[in-house]
Amino acid sequence: MLKFGGEYPFNPYSVWSSICSWYLRLLERFFGWFAAGIAKHPLITIHICLVFVSDCSVGFIWFQVENRTVKLFIPETSKAIDDLEAAERYFRVNFREEIVLLVASPSHPNVLSPECLRQAFRAHKAVTELESYSDFFVTLLGNQSRSPEDCVMINPLEFVQFNETLLIDKDIKKVQHELSKACNDTSLNMRNGHPFRFNFNRLFGVFTVALGILAGLGLGMWFRVPFVSLVGVLPFLVLGIGIDDMFIMVDELDRQPRDLSTTAKIKAVMMHSESTVTMTTMTDLVTFAVSASTSFPAISKIISDEEFLTLYESYSSKNPEFPYSSYPKFDFDQMDESECLAEFRVRKQDITLLANVLQLPDTIRCPQRTTCHRTEGLCMLLKRFSYPCRYSDMIHRFARPVPEISMITNTMMDHIFLSHGHRISQWNFDILSPPMLQEYADVIHAKGAPLSNCFGFIDGTVRPISRPGQHQRIVYNGHKRVHSLKFQSVALPNGLIGNMYGPVGKLTVVATYLSILRLGVCVDRNSLHTVRILCPDVDID
Numbered sequence: 001m002l003k004f005g006g007e008y009p010f011n012p013y014s015v016w017s018s019i020c021s022w023y024l025r026l027l028e029r030f031f032g033w034f035a036a037g038i039a040k041h042p043l044i045t046i047h048i049c050l051v052f053v054s055d056c057s058v059g060f061i062w063f064q065v066e067n068r069t070v071k072l073f074i075p076e077t078s079k080a081i082d083d084l085e086a087a088e089r090y091f092r093v094n095f096r097e098e099i100v101l102l103v104a105s106p107s108h109p110n111v112l113s114p115e116c117l118r119q120a121f122r123a124h125k126a127v128t129e130l131e132s133y134s135d136f137f138v139t140l141l142g143n144q145s146r147s148p149e150d151c152v153m154i155n156p157l158e159f160v161q162f163n164e165t166l167l168i169d170k171d172i173k174k175v176q177h178e179l180s181k182a183c184n185d186t187s188l189n190m191r192n193g194h195p196f197r198f199n200f201n202r203l204f205g206v207f208t209v210a211l212g213i214l215a216g217l218g219l220g221m222w223f224r225v226p227f228v229s230l231v232g233v234l235p236f237l238v239l240g241i242g243i244d245d246m247f248i249m250v251d252e253l254d255r256q257p258r259d260l261s262t263t264a265k266i267k268a269v270m271m272h273s274e275s276t277v278t279m280t281t282m283t284d285l286v287t288f289a290v291s292a293s294t295s296f297p298a299i300s301k302i303i304s305d306e307e308f309l310t311l312y313e314s315y316s317s318k319n320p321e322f323p324y325s326s327y328p329k330f331d332f333d334q335m336d337e338s339e340c341l342a343e344f345r346v347r348k349q350d351i352t353l354l355a356n357v358l359q360l361p362d363t364i365r366c367p368q369r370t371t372c373h374r375t376e377g378l379c380m381l382l383k384r385f386s387y388p389c390r391y392s393d394m395i396h397r398f399a400r401p402v403p404e405i406s407m408i409t410n411t412m413m414d415h416i417f418l419s420h421g422h423r424i425s426q427w428n429f430d431i432l433s434p435p436m437l438q439e440y441a442d443v444i445h446a447k448g449a450p451l452s453n454c455f456g457f458i459d460g461t462v463r464p465i466s467r468p469g470q471h472q473r474i475v476y477n478g479h480k481r482v483h484s485l486k487f488q489s490v491a492l493p494n495g496l497i498g499n500m501y502g503p504v505g506k507l508t509v510v511a512t513y514l515s516i517l518r519l520g521v522c523v524d525r526n527s528l529h530t531v532r533i534l535c536p537d538v539d540i541d
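Residues 1 to 541 in UniProt numbering are what the sequence shown lists, from first letter to last.
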């Protein structure tokens, strides 16, 4: 048997007990010294605590309640989050920026001339006087505006405070001087709220715990941590822990002799009780730290077998299992011409040409590493868009499970949109050049149209969507009685889409006016002045 110190046998428990006793004595001496300093300088300590809590409380300026299921119960590294962010980038639903460009007329080449600014005032008033103007604009905080004055805009007319009378008796030099003066003005203040102020008569134990809760929540909001419904339980939990710690300190305070001075009494209480309080606090801190760094999939691994079976029964997919492996693999060369035309609505010899025109890579790779040849991916996309069908209806043709067909189809759509979406969302000089516009106008006039300067026809389409959780009224179509997104486009005589505006929610007079105004500006800048677009009546819900 090993000898410890040459006299007693080695005992690991005794060594560990000695280390713990030494550590506790060290903590007691530290807290005794710390408490004596607080007792000697109480006012300084109170001011330091109040300043610290006040600084942390400024974080409530960024108070934000998060109640979206996507942000609460889906891991941040999930592919679904990336897809939602990409969809918000290209198809914004909540709010979007609208830019209106005003160009100078031939009679007034400078757009800052008073005459051009007066015409801009008339266009600005025509938009702001619409009845539904304030219903579809947002404030500085991103909320729906309640009055036209709250709507956010960046407008060059701000340098005259939207007062047209200030342009009287001013030439172009005076206008430029006023505009430069407004741009260099630093007297404007931003809307950042006011700091919290505290004026307390006396401090209680419960109020001390409240200060800790306030400092913790404020510090978290400093780092832009959103407030969720689960966090609402923490103040009550912390309050219970704080009251328990107060009971320990008050009980130790009652045990002290009455003849001790205040400094000695506080020092003795903290030496004997603060070690216990620190141990419980560190235990709670470790628990919260582990829960904060753990995502929901990891937490699900520690649930019991019974709970796991219950959750599996509740959340397992109810979709039928399709025997995709029993079908032959997709072989484009074995398909007949009639099959391609019937299923894809494209001739067989044109599919390869279409893949080259769309600049598709030879191998399509999905985010979850599913791969396929570009011809197979293009055929999936054509099959999906040719007739209304479900992914399960495509299994017999492509011999793949539904998730793979869905991922390949979405990857194909993303690639085509990112590569060629600008051809309809922006001005396409290949099909909207001045000679082509004149050719379109001649063809339409030759078919019997009374106008000789019409090159296209404005039309709209309604695409139904699932009912959103928020802002349902914006995307509700009263005519079709469904929630949908709307697009406005210009159809050319050759069957192509010349330009598209959208997506938008409930198509109002404001959206129609802005889309036509933007298209008109593009026509004036990029086409012949003799060519104009025909604008039929637009159905407004």
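Backbone N, C-alpha and C fix where the C-beta goes; we use that ideal spot for every residue, glycine too.
### Message
Just to confirm the assignment, what range does the beta strand (DSSP E) spanning S113 have?
### Response
Position 113 of the sequence shown, counted from the start, is the residue given in the question as residue 113. Element bounds for S113: n/a, residue is neither H nor E.
### Message
At 4 residues or longer, what runs of the alpha helix (DSSP H) sit wholly inside the stretch 365–433?
### Response
374–386, 395–398, 402–420, 422–425
### Query
Can you round the beta-carbon distance between F487 and A399 to whole angstroms, since I take them to be within the 8 Å contact cut?
Position 487 of the sequence shown holds residue 487. Position 399 of the sequence shown holds residue 399. Not a contact, Cβ separation roughly 35 Å.
### Query
If you compare alpha carbons, which of A268, L260, H177, D245 is closest to M282?
As a first step, residue 282 is located in the sequence shown; it is residue number 282 there, counting from the start. Checking every option, the nearest Cα to that of M282 belongs to D245.
#### Entry: Close Cβ partners of C366 (< 7 Å) along its chain, the five nearest in sequence each way excluded
One-based indexing of the sequence shown puts residue 366 at position 366. So the qualifying residues of the chain are M407, I408, T411.
### Query
Near I38, which residues of its chain fall below 8 Å by C-beta distance, leaving aside the five closest residues on each side in sequence?
Counting from one through the sequence shown, the residue named residue 38 turns up at place 38. Cβ within range, chain order: T45, I266.
### Query
How many angstroms separate the CA atom of P464 from the CA atom of H471?
Start at 1 with the first residue of the sequence shown, and residue 464 comes out as number 464. Start at 1 with the first residue of the sequence shown, and residue 471 comes out as number 471. Computed Cα separation, rounded: 15 Å.
### Task
Please list, in chain order, all residues of the same chain as G212 whose beta carbon is under 6 Å from its beta carbon, the five residues on each side excluded.
Counting from one through the sequence shown, the residue named residue 212 turns up at place 212. For G212, where only same-chain residues beyond five positions count, there are no Cβ hits under 6 Å.
### Query
Can you tell me whether DSSP reads F332 as helix, strand or coil?
Within the sequence shown, residue 332 is the residue found at index 332, counting from 1. Helix, per DSSP.
### Task
Check the DSSP bridge columns for R463 and list the partner residues they point to.
On the sequence shown, position 463 is the one that residue 463 refers to. L485, per the DSSP bridge assignment.
### Query
Taking the beta strand (DSSP E) that I48 falls in, what are its first and last residues?
As a working note, residue 48 is residue 48 in the sequence shown. Note, I48: premise wrong, no beta strand (DSSP E); alpha helix (DSSP H) at 42–57.
#### Entry: Candidates D442, Q359, R118, Y23, of which the one nearest S275 by Cα
In the sequence shown, the residue the question calls residue 275 occupies position 275. Out of D442, Q359, R118, Y23, Y23 has the C-alpha closest to the C-alpha of S275.
### Task
Over the uninterrupted alpha helix (DSSP H) stretch that includes D357, give me the two end residues.
Taking the sequence shown and counting its residues from 1, the one referred to as residue 357 is at position 357. The identity of residue 357 in the sequence shown is Val, whereas the question assumes Asp. Run containing V357: 348–357, per the alpha helix (DSSP H) assignment.
### Task
Please say whether H420 and A358 have beta carbons closer to each other than 8 Å?
Counted from its first residue, the sequence shown places residue 358 at position 358. Counted from its first residue, the sequence shown places residue 420 at position 420. Just to set this straight, residue 358 is Leu in the shown sequence, not Ala. Yes. Within cutoff.
### Query
Do you know offhand how far E404's Cα is from L219's?
To locate residue 404, count along the sequence shown from 1; it is residue 404. To locate residue 219, count along the sequence shown from 1; it is residue 219. Linking E404 to L219 through their CA atoms gives a straight-line distance of about 44 Å.
### Message
To the nearest angstrom, how far is the alpha carbon of S326 from that of F332?
### Response
Here residue 326 corresponds to residue number 326 of the sequence shown, with the count starting at 1. Here residue 332 corresponds to residue number 332 of the sequence shown, with the count starting at 1. Distance between the alpha carbons of S326 and F332: 18 Å.
### Task
May I ask you to report which of helix, strand or coil DSSP gives I19?
In the sequence shown, the residue the question calls residue 19 occupies position 19. Of the three classes helix, strand and coil, the one that applies to I19 here is helix, per DSSP.
### Query
Where DSSP assigns a beta bridge to M249, which residues make up the other side?
By one-based count along the sequence shown, residue 249 stands at place 249. Paired residues: none, contrary to the question.
### Query
residue 604: buried (16+ other C-beta within 10 angstroms of its C-beta) or exposed?
What the structure shows of the chain is the stretch from 1 to 541, and residue 604 is not part of that stretch, so it cannot be assessed.
### Query
Taking C-alpha atoms, which residue in Q368, Y501, F60 lies nearest to T461?
Taking the sequence shown and counting its residues from 1, one reaches residue 461 at position 461. Measuring from the Cα of T461, the nearest candidate turns out to be Y501.
### Task
Could you tell me the distance, in whole angstroms, from the CA atom of A268 to the CA atom of G469?
Position 268 of the sequence shown, counted from the first residue, corresponds to residue 268. Position 469 of the sequence shown, counted from the first residue, corresponds to residue 469. Each residue's alpha carbon lies about 58 Å from the other.
### Query
By Cβ distance, which residues of its chain are closer than 8 Å to H483, with the 5 residues on each side in sequence left out?
Locating residue 483 in the sequence shown gives position 483, where the first residue counts as 1. For H483, the CB contacts under 8 Å within the same chain, skipping 5 residues up- and downstream, are P464, I465, S466, R467, P468, Q472, V475, Y476, N477 in chain order.
### Message
Spatial neighbours of S452 within its chain, please: C-beta separation below 7 Å, excluding the five flanking residues on both sides.
### Response
Locating residue 452 in the sequence shown gives position 452, counting from the first residue. Only A441, H445 meet the Cβ criterion.
### Query
Comparing alpha-carbon positions, which option in H422, D393, R255 lies nearest P323?
Taking the sequence shown and counting its residues from 1, one reaches residue 323 at position 323. Measuring from the Cα of P323, the nearest candidate turns out to be D393.
### Query
So, helix, strand or coil for P450, using DSSP?
For the purposes of this step, residue 450 is identified with residue 450 of the sequence shown, where counting begins at 1. If DSSP states are grouped into helix, strand and coil, P450 belongs with coil.
### Query
Can the beta-carbon of R374 be found closer than 8 Å to that of D362?
Your numbering for residue 374 matches position 374 in the sequence shown. Your numbering for residue 362 matches position 362 in the sequence shown. It is a contact, given that the beta carbons lie within the stated cut-off.
### Query
Going by C-alpha distance, which of Q368, C56, A120, E337 is nearest F223?
Within the sequence shown, the letter at position 223 stands for residue 223. With distances taken between Cα atoms, F223 lies closest to C56.
### Task
Have a look at P114, D430, P328 and flag the residue whose alpha-carbon is nearest the alpha-carbon of H177.
As a first step, residue 177 must be located in the sequence shown, where it is residue number 177. Cα-wise, what sits closest to H177 is P114.
### Message
Do V277 and N248 count as a contact pair if the criterion is CB distance below 8 Å?
### Response
Within the sequence shown, residue 248 is the residue found at index 248, counting from 1. Within the sequence shown, residue 277 is the residue found at index 277, counting from 1. In the sequence as presented, Asn is not what sits at residue 248; that position holds Ile. Contact: yes.
### Task
Have a look at N356 and D350 and give me their C-alpha separation to the nearest angstrom.
Counting from 1 along the sequence shown, the entry for residue 356 is found at position 356. Counting from 1 along the sequence shown, the entry for residue 350 is found at position 350. Cα to Cα, N356 sits roughly 10 Å from D350.
#### Entry: Where I99 sits in the DSSP three-state scheme
Counting from 1 along the sequence shown, the entry for residue 99 is found at position 99. In this structure, I99 counts as coil in the three-state DSSP scheme.
### Task
Let me know if N494 comes out buried or exposed under the rule of 16 or more other beta-carbons within 10 Å of its beta-carbon.
The sequence position of residue 494 within the sequence shown is 494, counting from 1. Looking at its Cβ environment, which holds fewer than 16 other Cβ atoms inside 10 Å, N494 is exposed.
### Task
Return helix, strand or coil for S14, following the three-state DSSP convention.
On the sequence shown, position 14 is the one that residue 14 refers to. Correct three-state label for S14: helix.
### Cβ-based burial, G240 [other Cβ within 10 Å; buried from 16]
Against the sequence shown, residue 240 aligns to sequence position 240. Burial call: exposed.
### Query
Taking Cβ positions, are H415 and L360 nearer each other than 8 Å?
As a first step, residue 415 must be located in the sequence shown, where it is residue number 415. As a first step, residue 360 must be located in the sequence shown, where it is residue number 360. Annotated as proximal: H415 and L360, with beta-carbon spacing under 8 Å.
### Message
Less than 8 Å between the C-beta atoms of F52 and A215, yes or no?
### Response
Position 52 of the sequence shown, counted from the start, is the residue given in the question as residue 52. Position 215 of the sequence shown, counted from the start, is the residue given in the question as residue 215. A contact, by the Cβ cut-off of 8 Å.
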